[in-house]
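Be aware that the sequence shown starts at 1173, since it is given in our numbering, and climbs by one per residue.
By construction, the Cβ of each residue, glycine as well, lies at the ideal position given by its N, Cα and C atoms.
Computed from a prediction, not measured in an experiment: that's the story for all the values here.
Have a look at the structure below before the remarks.
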Amino acid sequence: MRVLRRGDGGPAVAEVRSTLAALGLVPPAGGVAGAADQFDLAMEQAIRAFQQQRGLITDGLIGPATYRALRDATYQLGGRPLAYLVSAPITGDDVATLQERLLELGYDAGRPNGVFGAQTEAALRNFQRDYGLTVDGICGPETVRALRQLSPRARGGRPVLLREQERVRRSGPRLTGKRIVIDPGHGGADTGVSVDGVNESDLMWDLARRLEGRMVATGMEALLSRGQDQCPDESTRAQFANEAGADLVLSLHSDANRSPLAQGLAGFHFGTGSGSTSTLGEAMAGLIQRELTKRTGLRDCGTHPKTWELLRLTRCPAVRVEIGYLTNHDDRVRLTDPAFRDVVAEGIVVAVKRLFLLGENDQPTGSFTFADVLAHELAKAE
Ligand SMILES: [Zn+2]
């Protein structure tokens, strides 16, 4: 699809506008002649508000992700039958609501990501069996009625998100055997941010290799999500991690801004506006943020819940870090220094250690070195 922006007009704009109106984000069409198919300032503001609320990139443009989220937002539970379609999974807010309801009732429907997958179907079938409904895995009128009648047994239990945590706890406090997918952003023809001949894709590739070496040395299994000259899309990267059975996905990027003053480090994990969050993803993002701000002096831009493809579609905890702004002079100087990238790699390995060792041998943030991590693992192996 063509990206729509302010100033555009035509039937595609009219369609988005009527969706926004149905969601109550802009007043219904009518009144001003011709306005219904014009992308004006009010519409841009409505799009920005919608993007912010949905954890999307707030750029006021209607690209594929925003378009999909708008379409998803128009579906309400009960409005259409829901089932698992292997070749083209159904997505929408109705699916997210179904998942949330199943989770609240204690059925493991997977992350409430709005995608009707195999796990959602399995949870739905279990629910239907337990409640004496027809066990067909289809969420139709009978199932919707039953879901509405039941009050949640334990509100906010979110078993699936707790289960991520439990899986790590049960596997024991060790790094050996952990499978980490390192995802260097962009690649190939897509250089990412490019300033003064410095490419985000090259820097992140180099950082990924430094990280990979350190992880392998501590007994972790590190896999890269792409080759040096490849640029798979986000869902392909997520699929790679899922098929590899990854314990953790770390996506490496650096940022850009129109203002050369914007600088710093930010972390992102899966989370929705309604408060569902990947507990471990959030913990991982927080640990990386702490280690790296302490070690590098990068400004702390915080950690944030997002529904970006990679975070949404991976089954294990996933974190995306935006390491500095290439559009900022100080950050760019830092990033182009290989020694700085070593410090970043070291900080990330220590943060991963903290996550998987769950505070065992805890030392103050920023004081662990890579050698300590290595020594710890070697001691255990003996
Ligand atoms: Zn990037």
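- In this model, Arg-1467 and Asp-1378 are separated by some 19 angstroms (Cα to Cα).
- Taking all protein chains in view, the Cβ of Glu-1415 is surrounded by fewer than 16 other Cβ atoms within 10 Å, so the residue is classified as exposed.
- In terms of CA proximity to Val-1316, Glu-1272 leads the group Ala-1237, Val-1287 and Glu-1272.
- In this structure, the alpha-carbon of Gly-1264 lies about 25 angstroms from that of Asp-1302.
- Separation of the CB atoms of Arg-1504 and Leu-1498 is rounded to 5 angstroms, and the pair is thereby assigned contact status at 8 angstroms.
- Residue pairing for Phe-1442: DSSP places it in a beta bridge opposite Lys-1478.
- Residue environment: Val-1258 is assigned as exposed (fewer than 16 neighbouring CB atoms within 10 Å of its CB, all protein chains considered).
- Ranked by how close their Cα comes to the Cα of Thr-1246, the residues Leu-1228, Pro-1261, Leu-1213 and Asp-1266 have Asp-1266 in first place.
- Under the criterion of beta carbons closer than 8 angstroms, Ile-1234 and Leu-1176 qualify as touching, at roughly 4 angstroms.
- Taking the CA atoms as reference points, Tyr-1279 sits about 11 angstroms from Leu-1270.
- Assignment of Ile-1495 by DSSP, reduced to helix, strand and coil, places it in the strand class.
- Proximity of the region 1481–1489 to the region 1405–1419 meets the contact definition, three or more beta-carbon pairs being nearer than 8 angstroms.
- The set of residues with a C-beta under 5 angstroms from any non-hydrogen atom of ligand 1 comprises Gly-1357, Gly-1364 and His-1425, given in chain order.
- Comparing alpha-carbon positions, the option among Leu-1424, Thr-1306, Ser-1448 and Asp-1308 lying closest to Pro-1356 turns out to be Leu-1424.
- Sequence-distant Cβ neighbours of Arg-1220 in its own chain, meaning closer than 7 angstroms and more than five residues away, are Thr-1230 and Gly-1232.
- At least 7 angstroms separates the beta-carbon of Leu-1433 from that of Arg-1526.
- Closest option to Thr-1238, judged by alpha-carbon separation, among Gly-1250, Ser-1450 and Ala-1218: Ala-1218.
- Fully enclosed beta strand (DSSP E) runs of no fewer than 3 residues occupy 1393–1396 of the region 1379–1416, in order along the chain.
- Annotation: Pro-1432 is outside any alpha helix (DSSP H) and is labelled neither H nor E by DSSP.
- Closest in C-alpha terms to Arg-1409, from the list Ile-1354, Ser-1366, Ala-1394 and Ser-1448, comes Ile-1354.
- For the set Glu-1276, Tyr-1256, Ile-1262 and Ser-1407, the Cα lying nearest the Cα of Asp-1244 is the one of Ile-1262.
- Scanning Gln-1400, Thr-1348 and Arg-1398 for the CA closest to the CA of Met-1387 turns up Thr-1348.
- Fewer than three Cβ pairs drawn from the region 1307–1316 and the region 1356–1372 lie within less than 8 angstroms of each other, which leaves the two stretches out of contact.
- Residues of the same chain with a CB within less than 7 angstroms of the CB of Leu-1305, apart from the 5 flanking positions on each side, are Glu-1314, Thr-1315 and Ala-1318 in chain order.
- A distance below 6 angstroms between beta-carbons, with the five flanking residues on each side excluded, links Gly-1443 to the following residues of its chain, in chain order: Thr-1449 and Pro-1477.
- Note on Ala-1490: 16 or more other CB atoms within 10 angstroms of its CB, so buried under the neighbour-count rule.
- In this structure Pro-1284 touches Ala-1268 by the C-beta definition: roughly 5 angstroms separates them, less than 8 angstroms.
- Going by DSSP, Arg-1351 is part of the beta strand (DSSP E) stretching over 1351–1356.
- Looking at the DSSP output, Ile-1310 bridges to nothing.
- The straight-line gap separating the alpha-carbon atoms of Gly-1182 and Asn-1500 is approximately 38 angstroms.
- Counting only runs of 4+ residues, the alpha helix (DSSP H) found wholly inside the region 1200–1288 occupies 1213–1226, 1236–1245 and 1265–1276, in chain order.
- Here Ile-1352 is not near Ser-1426, since their CB atoms are 7 angstroms or more apart.
- Across the structure, Leu-1274 and Gly-1286 are spaced so that their CA atoms are roughly 13 angstroms apart.
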